[in-house]
Amino acid sequence: MYPQGRHPVPIQPGQSFKFTVLETLDRIKEEFQFLQAQYHSLKLECEKLASEKTEMQRHYIMYYEMSYGLNIEMHKQVREILLYVSITVCVVWSASVMVFTGSSGGQTPQSPSVSHTHTHTHTRTHTHTHTHTHTHTHALMCVRFICMNCSISRTI
Numbered sequence: 000m001y002p003q004g005r006h007p008v009p010i011q012p013g014q015s016f017k018f019t020v021l022e023t024l025d026r027i028k029e030e031f032q033f034l035q036a037q038y039h040s041l042k043l044e045c046e047k048l049a050s051e052k053t054e055m056q057r058h059y060i061m062y063y064e065m066s067y068g069l070n071i072e073m074h075k076q077v078r079e080i081l082l083y084v085s086i087t088v089c090v091v092w093s094a095s096v097m098v099f100t101g102s103s104g105g106q107t108p109q110s111p112s113v114s115h116t117h118t119h120t121h122t123r124t125h126t127h128t129h130t131h132t133h134t135h136t137h138a139l140m141c142v143r144f145i146c147m148n149c150s151i152s153r154t155i
């Protein structure tokens, strides 16, 4: 990764430690060239890493957009499935009401009556019994069932 550094020259037995100006300039020049080569190598590596980072960010954004789009599509399909299930439940419920009331294919189904008896006992000694009869058509019940899931119906 880094250029090889220069090897120090061993000192000869008769050589003194005094350097001439030219020798000192040569050593400074060699050291400068070594540092320049090292700088160039590090600069290339930095540029390579920067381009890899940019590429990774581009891939991240692409995958994020794809996953977001898939998530939105999945939620749309779930809402459609819930709507179809609620419609199917209404159709099955209507068919069971027709069978229960004895309606045939050419006739309009009778409205089912549902009776509720409420008994209230108070702390005093009297008891009240109330009977309520509610009549709803099967179509109205289907509409109410779908309206319970109105967020599904509105968003599709």
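Quick note on numbering: the sequence shown equals residues 0 to 155 in numbering that gives the first Met the number 0. Quick reminder that beta carbons are idealized off the backbone N, C-alpha and C, glycines included. Quick caveat: nothing in here was measured; it's all calculated off a predicted structure.
Assignment of G101 by DSSP, reduced to helix, strand and coil, places it in the coil class. For V84, there are no CB contacts under 7 angstroms within the same chain when 5 residues up- and downstream are skipped. Distance between K42 and M61, taken at the CA atoms: about 29 angstroms. Across the structure, G101 and L82 are spaced so that their CA atoms are roughly 28 angstroms apart. Rounded to the nearest whole angstrom, the CA to CA distance from Y38 to Q32 is 10 angstroms. Rounded to whole angstroms, A36 and Q56 show a C-alpha spacing of 30 angstroms. Cβ contact annotation for R26 (same chain, cutoff 7 angstroms, sequence separation greater than five): none.
Cα atoms of S40 and E54: separation of roughly 21 angstroms, rounded to the nearest angstrom.
Take the alpha-carbon of S50 and the one of N70: they are about 30 angstroms apart.
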